[in-house]
Each structure stands twice: as C-alpha cells, then as structure tokens.
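Chemist:
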Amino acid sequence: MSEFDINQIRRLDGGLMLVFRELLRTRRASTVAERLGLSPSAISHALTRLRDLFDDPLFIRRPHGFEPTRRAEELGPQVEALIELTGRTLSRDAGFDPLRSTRMFHFAAPEFVTALIGAELINRLKAAAPEVTFAVSFSGEEDAFRALRKGEVEFAIGRFGAARPGFTVEPLFEDHYCVAARRDHPQLRGAIDQHRWQNIGHIYAWSAAEVGGDIGEPHLRIKHLASVPQWLTALAMAASTDGLVTCPRRLAERHAERLGLQVLDMPFPPQAISVSVMRRTGASDAGVDWFLDQIRAAIDA
Numbered sequence: 068m069s070e071f072d073i074n075q076i077r078r079l080d081g082g083l084m085l086v087f088r089e090l091l092r093t094r095r096a097s098t099v100a101e102r103l104g105l106s107p108s109a110i111s112h113a114l115t116r117l118r119d120l121f122d123d124p125l126f127i128r129r130p131h132g133f134e135p136t137r138r139a140e141e142l143g144p145q146v147e148a149l150i151e152l153t154g155r156t157l158s159r160d161a162g163f164d165p166l167r168s169t170r171m172f173h174f175a176a177p178e179f180v181t182a183l184i185g186a187e188l189i190n191r192l193k194a195a196a197p198e199v200t201f202a203v204s205f206s207g208e209e210d211a212f213r214a215l216r217k218g219e220v221e222f223a224i225g226r227f228g229a230a231r232p233g234f235t236v237e238p239l240f241e242d243h244y245c246v247a248a249r250r251d252h253p254q255l256r257g258a259i260d261q262h263r264w265q266n267i268g269h270i271y272a273w274s275a276a277e278v279g280g281d282i283g284e285p286h287l288r289i290k291h292l293a294s295v296p297q298w299l300t301a302l303a304m305a306a307s308t309d310g311l312v313t314c315p316r317r318l319a320e321r322h323a324e325r326l327g328l329q330v331l332d333m334p335f336p337p338q339a340i341s342v343s344v345m346r347r348t349g350a351s352d353a354g355v356d357w358f359l360d361q362i363r364a365a366i367d368a
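Here you go:
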C-alpha cells in the first residue's frame, strides 16, 4: 500500500461517512445534524473534511438544500457498503433469529407483486416470526432505485433492466399474461378467441408502478372500458361486470376463487413477465436473506 493510500485512510473516519450518507439521503444539513446528534458547525466542518478528502465539492448549496455532485452520487453505494461492513464487523451477533426479532422490513414493489404475496406472507410471518412486520411502497423502477439508493428500503422487487453500478439484480419469478373474467360471463366458457378478446372490453390497471403497455399484440385495437390504478381493483370490477382484465396469471389464479373469476389462456402467445430483486452490491444481511426466502415461498404457495 502506498504512503498516499495510508494517509488517505488515516483521514477517514466513521463519523465522516455517516455525515456523507445522511447528506446524500436528506440533502439538508439541519436534518443530518438532528439525526446524528451533532451541531450545525460540526456538520459544516465534516463537509469541509469530506470535500478535502475526495477533492470534490460533493454537495452544492441550493435554495432547496444540498445538491450532490456526480462524484457524490458515484460514491454513495460505496460509502453505504463501507458503513454496512463496519456495522457487521462491530456487531457481536450478525445472525437473525426470526422468533425473537421485532424488525420491520421495508421494500418497494409494484401492486401486482404485493397483491400476489401479501396475505400468504403475513400468514407465514405469524407462524415463523410473530413480531416481524413489513412495509411496502408501490414503486416503478426509477422510484424504487432512488428509495434503495437513499436507504429508504432494504430491497426492491419489480421488472428491472440492467443492473446499475453498486447494485445487483437477481431473478425472483417468471409469469405470463392471462385473461380474467367473471365465472358466469355470458360470452365465455373456459376459452376466449381473438375477436372476443378485442371486442368485449377491457378494464386496465394503469399506473407508473405497474405492468403496462405490453399486454397484447401492438397492431390490435382493443375496446377500452376503464382504467384504474391497481390490479385488485380491476379484478374486483371484472367480477361484477362483463369486462375483461388481461393481467399476470399468478395474480389472477391466486384471487380467482375468492372473486368468482375464470382464468383463460390468451388467444395468442402471451408476453412474459420477469420479476427480479434489486439490492446493494455486497450488502449482506441475514434478516433480509431470510425475509426474501419467505417471499419466494409465498410466491409459490
């Protein structure tokens, strides 16, 4: 290791990393001071040391708060990983005991995933980890990534593109589209052809956080009845009308009996739905690993 590297490390301390992380998350020095129990002058001094250490302004003061530079954004995942590694190193017990834990897990997911796993996940936690709870925010890819980067969630579930620097994306489950309609639909008896699929009329679940825009062949004109923001709303409406819902098959099958729906194959090869988990690269958390195993079991239940 060079003298330059040694000198840089000597200037680095955990307090500086915590100030950096909180400034990146909140963008406000007063909030960081309150969270870390420091004075405003201590935050200002720490920011001066950080700028000198990384040879970059890092955070530019704006009327709405501090705006991170590109260098600060690039450093964010590395600083977060360093803080997590330090915490695990100092922890006497890095394991996770579900029976004793009172942890609340925070994650981001679109509604079609939460509606698929939610009830089963609660039942599993009640049996295996009675004091563990979870909180979900409905997020599209960009919102989920921002929440994950800021530390507001521990992982994100969704339909993600390529992995981003500092984050990993791993497959969770595969699904396909199907057609859901009320069981006593006057025009359908266990199957649907392309003409009926196009002309009976669709109820769409349409929001930024949801699957959308790829449910059928692009050249087909489809009769539109209504658009709603959530899949369960669309399925509940289909259960009491003659409207159709083209939706993820696992979701439709999970709720078909309760809502009185029939689940039909698409009249042409259906689009695939690939759902993944996005986490910070190198983030090792026994609790999150265990919780993701419960989610996988809930999906396949």
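Positions 68 to 368 (the working numbering) are the ones given, in order, by the sequence shown.
Where a beta carbon is used, it is the ideal one built from N, C-alpha and C, also for glycine.
Bear in mind the structure is a predicted one, so any value in this text is a computation, not a measurement.
(1) Who are residue 240's beta bridge partners in DSSP?
(2) Report yes if the C-beta distance between residue 133 and residue 96 is below 9 Å; otherwise report no.
(3) Going by DSSP, what residue range makes up the beta strand (DSSP E) through residue 220?
(4) Label residue 352 either buried or exposed according to how many other C-beta atoms from any shown protein chain fall within 10 Å of its C-beta, with 16 as the threshold for buried.
(5) In this structure, does DSSP put residue 198 in helix, strand or coil?
(6) Determine the extent of the beta strand (DSSP E) in which residue 133 is found, giving its start and end residues.
(7) Please tell me whether residue 33 and residue 319 are closer than 9 Å, where the distance is taken between their beta carbons.
(8) Using the beta-carbon count (16 or more within 10 Å), is residue 224 buried or exposed?
(9) Within the region 259-332, note down every full alpha helix (DSSP H) run reaching 4 residues or more, in order along the chain.
(10) From which residue to which residue does the alpha helix (DSSP H) around residue 121 run?
(11) Given residue 81, which residues of its chain have a CB within under 7 Å of its CB, disregarding the five upstream and five downstream residues?
(12) As an exercise, report each continuous beta strand (DSSP E) stretch of at least 3 residues that is fully enclosed by the region 162-186, in chain order.
(13) For residue 234, which beta-bridge partners are listed by DSSP?
(14) Cα separation between residue 349 and residue 360?
(15) CB residue 269 to CB residue 310, shorter than 9 Å?
(16) Cβ atoms of residue 343 and residue 226: under 9 Å apart, would you say?
(17) Kindly list the residues whose CB is nearer than 7 Å to the CB of residue 327, restricted to its own chain and excluding five residues on each side of it in sequence; keep chain order.
(18) Of the residues 365, 347, 356, which one's Cα is nearest the Cα of residue 216?
(19) Roughly how many whole angstroms lie between the Cα atoms of residue 330 and residue 339?
(20) With 16 other CB atoms within 10 Å as the buried threshold, where does residue 230 fall?
(21) Span of the beta strand (DSSP E) holding residue 88?
(22) Please work out which residues of its chain come closer than 6 Å, Cβ to Cβ, to residue 114, disregarding the five sequence neighbours upstream and downstream, and give them in chain order.
(23) List the endpoints of the continuous alpha helix (DSSP H) containing residue 213.
Modeler: Let me spell this out:
(1) Position 173 of the sequence shown holds residue 240. Residue 240 pairs with 342.
(2) Against the sequence shown, residue 133 aligns to sequence position 66. Against the sequence shown, residue 96 aligns to sequence position 29. Yes, the pair counts as a contact, with Cβ atoms nearer than the cut-off.
(3) Numbered from its first residue, the sequence shown carries residue 220 at position 153. Where residue 220 is concerned, there is no enclosing beta strand (DSSP E), given that its DSSP letter is neither H nor E.
(4) As a working mapping, residue 352 is identified with position 285 in the sequence shown. It is buried - the Cβ of residue 352 has at least 16 other Cβ atoms within 10 Å.
(5) Here residue 198 refers to the residue found at position 131 of the sequence shown. Looking at residue 198 - three-state DSSP - the assignment turns out to be coil, as it is neither helix nor strand.
(6) Position 66 of the sequence shown, counting from 1, holds the residue named residue 133. First-last of the beta strand (DSSP E) with residue 133: 132-135.
(7) Because the chain spans 68 through 368 in this model, residue 33 falls outside it and cannot be assessed.
(8) Within the sequence shown, the letter at position 157 stands for residue 224. Buried is the call here.
(9) Counting only unbroken stretches of 4 or more residues, the alpha helix (DSSP H) elements lying wholly within the region 259-332 are 261-266, 298-306, 316-326, in sequence order.
(10) Walking along the sequence shown from the start, residue 121 turns up at place 54. Looking at the DSSP string, the run of the alpha helix (DSSP H) that includes residue 121 is 107-121.
(11) As a first step, residue 81 must be located in the sequence shown, where it is residue number 14. 153, listed in sequence order.
(12) Fully enclosed beta strand (DSSP E) runs of 3 or longer: 171-175.
(13) As a working note, residue 234 is residue 167 in the sequence shown. In the DSSP output, where bridge partners are listed per residue, residue 234 has 347.
(14) For this step, residue 349 is matched to residue 282 along the sequence shown. For this step, residue 360 is matched to residue 293 along the sequence shown. C-alpha separation (whole angstroms): 18 Å.
(15) Residue mapping note: residue 269 aligns to position 202 of the sequence shown, counting from 1. Residue mapping note: residue 310 aligns to position 243 of the sequence shown, counting from 1. Between residue 269 and residue 310, the CB-CB gap stays under 9 Å.
(16) Start at 1 with the first residue of the sequence shown, and residue 226 comes out as number 159. Start at 1 with the first residue of the sequence shown, and residue 343 comes out as number 276. At a Cβ-Cβ threshold of 9 Å, residue 226 and residue 343 count as neighbours.
(17) Here residue 327 is taken as the residue at index 260 of the sequence shown, counted from 1. Cβ neighbours of residue 327 beyond the five flanking positions: 249, 250, 306.
(18) As a working note, residue 216 is residue 149 in the sequence shown. Nearest in C-alpha terms to residue 216, of all of 365, 347, 356, is 347.
(19) The residue labelled residue 330 in the question sits at position 263 within the sequence shown. The residue labelled residue 339 in the question sits at position 272 within the sequence shown. Near 17 Å, if we compare the C-alpha coordinates of residue 339 and residue 330.
(20) For the purposes of this step, residue 230 is taken as the residue at position 163 of the sequence shown. Exposed: under 16 other Cβ atoms inside 10 Å.
(21) Position 21 of the sequence shown holds residue 88. Membership of residue 88 in any beta strand (DSSP E) is not indicated; the residue belongs instead to the alpha helix (DSSP H) covering 81-93.
(22) Looking up residue 114 in the sequence shown gives position 47. Taken in chain order, the list of residues that qualify is empty.
(23) Position 146 of the sequence shown holds residue 213. That run of the alpha helix (DSSP H) goes 208-216.
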